[in-house]
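Below is one structure, written out as structure tokens, with a few remarks after it.
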Amino acid sequence: MADKLIPREKGFSEWYVDLVQKAKLADYSDVKGCMVIRPNGFALWESIQRALDKMFKDTGHRNAYFPLLIPLSYLKKEAEHVEGFNPQLALVTVAGGKQLEEPYAIRPTSETIINATFAKWIQSYRDLPLLINQWCNVMRWEMRTRLFLRTTEFLWQEGHTCHETEEEAERETRQMLEIYRTFAEEHMAMPVLAGRKSESERFAGALRTYSIEAMMQDKKALQAGTSHNLGQNFAKAFNTQFLGRDGQQHYVWQTSWGVSTRLIGGLILTHSDDSGLVVPPKLAASHVVIIVIGKGEERARVVERAQALAADLRRVGLGVSVDDDESKSPGFKYFEYELQGVCLRVELGPKDLAKEQCVMVRRDTRVKEFAPLSGAVARAQALLESMQKDLFARAKQFRDEHTFEVNTYDELKARADDGFMLAHWCEKPSCEAKVKEDTSATTRCRPFALEQVPGKCVVCGEPSPGRMVVAKAY
Ligand SMILES: [Zn+2]
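Residue numbers for the sequence shown follow the working numbering, beginning at 1 and rising by one.
Below, the structure is given as structure tokens:
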């Protein structure tokens with residue numbers, strides 16, 4: 001029998017790292033802070049890409065690609081931007097055996113190099129809106145890393161758009177946040193709170209930053225996606241102007257937005273259990289595994305039937321494999337497939353065949369049932385559909401049960417480990433910093449879904465426009 005996972009109650013972080021490796025999702029590498037994404041993990045990223053890419057294209061965006069290296073002078077053009085990213089920059093100073101006249105930064109994000117290009121592409125209002133997305137890798141030198149959740153190099157998408165007016169840019173910023181919310185909830189079955197970030201958590205160089213925040217099983221928050229209204233900050237730094245309908249030159253209004261391989265960490269921390277990975281069917285690459293049971297002559301007949309069932313299941317678009325390896329016991333196989341998060345296990349043996357039935361076991365509930373072979377495809381589809389819904393409902397119930405109001409500072413300090421605290425905050429960075437220092441909890445966002453009723457800041461008692469989500473976070 002293979003090694004069991006470290007259970008969650010023995011250490012949530014240890015369980016996570018153990019699962020990522022035993023489920024063969026990712027591995028450490030000799031490059032500091034960088035991970036190797038294994039085929040099981042990359043299949044999840046491909047599913048995420050496929051779904052999001054369609055949503056981006058359906059809203060008029062097109063993919064492009066910009067260089068990995070950015071002239072350092074570009075980053076310096078937007079003062080706040082370079083200040084924000086400077087501590088995390090990796091620089092290339094030697095190339096082709098020669099010292100470079102100007103160092104290149106390995107992109108931490110691409111606003112600057114993209115703006116240098118946009119300035120050439122855009123002449124008039126007829127060139128707007130310009131709606132571009134890029135799928136790529138970025139590098140941010142991190143001191144403490146954790147597979148998927150925080151790595152020095154990671155994969156992501158970064159959307160970059162230009163608009164004629166501030167209103168249009170704001171509409172785009174919010175539209176993309178809404179796409180992220182829909183994707184997180186409907187595909188990842190991960191409930192999120194969408195809202196605005198505080199000033200101190202704003203993207204370096206943006207006017208406003210919005211995020212979606214999810215609650216993991218240890219009640220910590222995970223920022224799962226961000227969307228920024230950049231205003232005209234980068235346009236002014238790069239002179240990205242257009243001839244307006246009024247015959248005058250104007251700076252474009254811009255947005256940028258991104259999600260990364262961090263989502264895979266969020267997926268694991270939301271749904272998985274002590275037996276291993278649990279994947280919502282909409283994102284799973286492996287929906288069904290059919291395990292052949294039995295010996296000798298009978299086995300050949302079972303294999304034949306299993307292959308036929310697999311073909312029928314593939315015909316409706318499911319990812320299916322048949323395991324007829326005689327060298328491993330069924331028990332060993334159940335353990336392995338649960339660890340790797342296959343959504344549905346089908347067991348088929350000679351006795352089942354005699355009754356024209358099979359056994360089906362859902363990964364999340366592990367409930368076992370008999371299904372007639374004639375209706376096996378429809379039943380598998382129905383079980384997967386229920387699994388998708390149930391995973392979301394369970395995660396949402398968990399989040400709601402651990403979201404609560406706090407009305408005094410003592411209460412906030414006492415309950416900082418209990419989940420999402422809804423606290424009045426006066427919007428002064430000093431009060432936010434005090435909370436962080438005393439509890440290590442941070443402001444996550446001001447959720448749109450929460451009715452904002454004025455009150456008094458839990459820290460200083462000054463007027464507050466409404467409640468903010470405060471929580472410990474990844
Ligand atoms: Zn205050």
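Beta carbons: idealized from backbone N, C-alpha and C, even for Gly. For clarity, every value in this text was computed on a predicted model and none was experimentally measured.
Can you grab the Cα-Cα spacing for the pair G276 / A184, in whole Å?
21 Å
Could you check if C460 belongs to the surroundings of ligand 1, using beta carbon to heavy atom distance under 6 Å?
yes
Quick one: Cα of T443 to Cα of V192, how far?
15 Å
N-terminal and C-terminal residue of the alpha helix (DSSP H) that T182 is part of
166-182
Which partner residues does V361 have in the DSSP bridge list?
R345, K368
Assumed close pair D312, V377 - CB separation to whole angstroms, cut-off 8 Å:
5 Å
Given this structure, state the Cα-to-Cα distance separating G225 from E336, to the nearest angstrom.
32 Å
Got a sec, what are the start and stop residues for the alpha helix (DSSP H) P468 sits in?
Sequence check: residue 468 is Met here, not Pro. No alpha helix (DSSP H) contains M468, which is instead part of the beta strand (DSSP E) from 467-471.
When you compare each of N63, A95, W15, P108 to G84 by their alpha carbons, which one comes out closest?
P108
Answer yes if the region 295-312 comes into contact with the region 247-266, meaning at least three C-beta pairs across the two stretches below 8 Å, and no otherwise.
no
Apart from the five residues just before and just after F12, which ones in its own chain have a Cβ nearer than 8 Å to its Cβ?
Q217, D218
Cβ distance (whole Å) where G341 is taken to contact V278 below 8 Å
6 Å
Considering just the uninterrupted stretch of the beta strand (DSSP E) at K98, what are its terminal residues?
98-106
Tell me, please, which residues DSSP counts as bridged to F154.
V138
Could you compute how far the alpha carbon of Y93 sits from the alpha carbon of Q99?
Looking at the sequence shown, residue 93 is not Tyr but Thr. Between T93 and Q99, the C-alpha separation is close to 6 Å.
What are the boundary residues of the alpha helix (DSSP H) that F85 is part of?
79-85
For L283, which residues in the same chain have their Cβ closer than 8 Å to its Cβ, ignoring the five residues on either side in sequence?
L44, S47, I48, A51, H187, M188, L267
If I'm right that G547 touches Y210 with Cβ under 8 Å, what's the distance once you round it to whole angstroms?
Because the chain is modelled from 1 through 474, residue 547 falls outside the range shown and cannot be assessed.
With a threshold of 16 other CB atoms inside 10 Å of the CB of M1, please say whether the residue is buried or exposed.
With a pLDDT of 47 at M1, under the threshold of 50, the modelled position of this residue cannot be trusted, and the question is left open.
With S200 and P429 assumed to form a contact (beta carbons below 8 Å), what rounded beta-carbon distance in angstroms separates them?
5 Å
In this structure, how does DSSP classify Y251 when only helix, strand and coil are distinguished?
strand
Is K428 near ligand 1, judged by its Cβ being under 6 Å from some heavy atom?
yes
Uninterrupted alpha helix (DSSP H) stretches inside the region 215-264 (no shorter than 4 residues):
233-238
Contact belief for C522 with P281 at Cβ below 8 Å, rounded distance in angstroms:
Residue 522 is absent from the structure shown; the chain starts at 1 and stops at 474.
Between the Cα of S329 and those of R315, E347, V320, R314, spot the shortest distance and give me the residue it belongs to.
E347
Assigned secondary structure, L25 (DSSP; H/G/I helix, E/B strand, else coil):
coil
Quick check on M387: does DSSP put it in helix, strand or coil?
helix
Please return the same chain residues whose Cβ sits closer than 7 Å to the Cβ of L147, not counting the five positions on each side in sequence.
V17, V20, A26, M35
Could you tell me which of K368, T240, D418, N407 sits nearest to V124, measuring between CA atoms?
Inspection of the sequence shows that residue 124 is occupied by Ser rather than by Val. Comparing Cα positions, the closest option is T240.
Return the residue from the list V458, K197, Q452, Y251 that minimises the CA-CA distance to P465.
Q452
Could you tell me the distance, in whole angstroms, from the CA atom of C460 to the CA atom of R415?
18 Å
Nearest residue (CA-CA) to G349, options G375, V302, V316
V302
With a 10 Å radius around its C-beta and 16 neighbouring C-beta atoms as the bar for buried, classify D3 as buried or exposed.
exposed
Out of E178, R62, A204, state which residue places its alpha-carbon closest to the alpha-carbon of T161.
R62
Taking contact to mean 3 or more Cβ pairs, one atom from each stretch, closer than 8 Å, check whether the region 222-236 and the region 417-436 are in contact.
no
Ordered along the chain, which non-local residues of its own chain (more than five positions away) have a Cβ less than 6 Å from that of N115?
F234, F238, T240
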